[in-house]
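This report concerns only the one structure given below.
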Amino acid sequence: MRQIIALLLALVAIPTSAAGIATPPRPTRAAAPLKPRIVWDPIPFGNQRKQEMVAYVRRHYGSFMRPTWRLTDPHVIVIHYTDSPTFQSTWNTFASDTPDPELHELPGTCAHFVIDTTGTIYQLVSLTTMCRHTVGLNWTAIGIEHVGFSDAQVLGDQRQVTASLKLVYWLRCRFHIQIKNVIGHNESLSSPYHHEDVASLRNQTHSDFNHADMQVYRRRLRALGGCAGR
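For the numbering used here, add 999 to where a residue sits in the sequence shown, where the first one is 1.
As structure tokens, this is what we get:
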């Protein structure tokens, strides 16, 4: 009798569909990552700089998109290091809106975020604003700079890389960006989103955050988990 009662209780505990067929428990969804603490420290981005950005887009991406200074629906996150010693020196460079020493173009270079060696995350422009940080990808990429001089320095700074991973985790989930599209500047030419109208710049890239180091970075990013509902 006890065995029969135990069997009946077990049957009652199994969830069933309307047809009486046992159904497996629903998988749990990943929780949405929390937005990390971000310090808003904007660089000047007035009408003149916006019009310079429009002209830049016309030159570099005009064959496939309407010239604009706005960033919409980003598909890529590009990781950089500043090659400078402090956040303030980086901010000053980006704020100056002067032709860059490499390509001599306007608007001046900038990035959406800069992460200091203290782990402080600074945001310099809105996520709806296009920045010049990666040739061929500015039209669809969020740029993140890290104060420092090498991949190894940034990846070896626990406070800085932890802040970086938290920021990228939040951004990629917010904009539904796949981990494979979180790339180092040095990987820009292999991105499926890379497009450059200026023929002489189609193979232009930088050395910061090469493929091997980004494999380490992406592995750590993947370990943080997936995005809610995906």
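Virtual Cβ for every residue (Gly too), placed ideally from N, Cα, C.
Note that the coordinates shown come from a computational prediction; the quantities given were computed from them, not determined experimentally.
{"Item": "Own chain partners of A1094 with C-beta closer than 7 Å, once the 5 adjacent residues on each side are dropped", "Value": "I1042, P1043"}
{"Item": "Same chain, Cβ closer than 8 Å to T1108, neighbours up to 5 away in sequence not counted", "Value": "T1092, F1093, D1099, C1130, R1131, H1132"}
{"Item": "Q1122, enclosing beta strand (DSSP E) - first and last residue", "Value": "1120-1122"}
{"Item": "Beta-carbon proximity check, P1106 vs R1048, cutoff 8 Å", "Value": "yes"}
{"Item": "Under the three-state DSSP convention, the category T1089 falls into", "Value": "helix"}
{"Item": "Where E1144 sits in the DSSP three-state scheme", "Value": "strand"}
{"Item": "Beta-carbon proximity list for F1148, same chain, < 7 Å, skipping 5 on both sides", "Value": "Y1080, D1082"}
{"Item": "Paired residues, beta bridge with F1112 - DSSP", "Value": "Q1122, I1143"}
{"Item": "Residue nearest to I1037 in terms of C-alpha spacing, selected from I1076, V1167, D1150, Q1050", "Value": "V1167"}
{"Item": "Cα-Cα separation, H1103 to L1170", "Value": "31 Å"}
{"Item": "N- and C-terminal bounds of the beta strand (DSSP E) containing V1134", "Value": "It is not in any beta strand (DSSP E) - V1134 carries neither H nor E in the DSSP assignment."}
{"Item": "8 Å contact criterion, which I1078 and I1143 should meet: CB distance rounded", "Value": "6 Å"}
{"Item": "Three or more C-beta pairs below 8 Å linking the segment 1149-1160 and the segment 1067-1077", "Value": "no"}
{"Item": "Pick from L1188, G1225, A1031 that is closest to H1210, judged by C-alpha positions", "Value": "L1188"}
{"Item": "Chain-order list of residues whose beta-carbon lies under 6 Å from that of G1118 (same chain, five-residue window excluded)", "Value": "R1158, Q1159, A1162"}
{"Item": "Proximity test, S1125 beta-carbon vs the ligand NAD heavy atom, cut-off 7 Å", "Value": "As far as ligands go, the structure on display features none, and thus does not contain the ligand NAD."}
{"Item": "Inter-residue CB distance, A1031 and C1172 (contact presumed, cutoff 8 Å)", "Value": "6 Å"}
{"Item": "3-residue-minimum beta strand (DSSP E) runs that sit fully inside the segment 1163-1228, ordered along the chain", "Value": "1181-1183"}
{"Item": "H1079 - containing beta strand (DSSP E), residue span", "Value": "1075-1080"}
{"Item": "Buried versus exposed call for E1101 [16 or more other C-beta atoms within 10 Å across all chains shown]", "Value": "exposed"}
{"Item": "Which of helix, strand or coil DSSP assigns to R1230", "Value": "In the structure as shown, the chain starts at 1000 and stops at 1229, and residue 1230 therefore has no counterpart that could be examined."}
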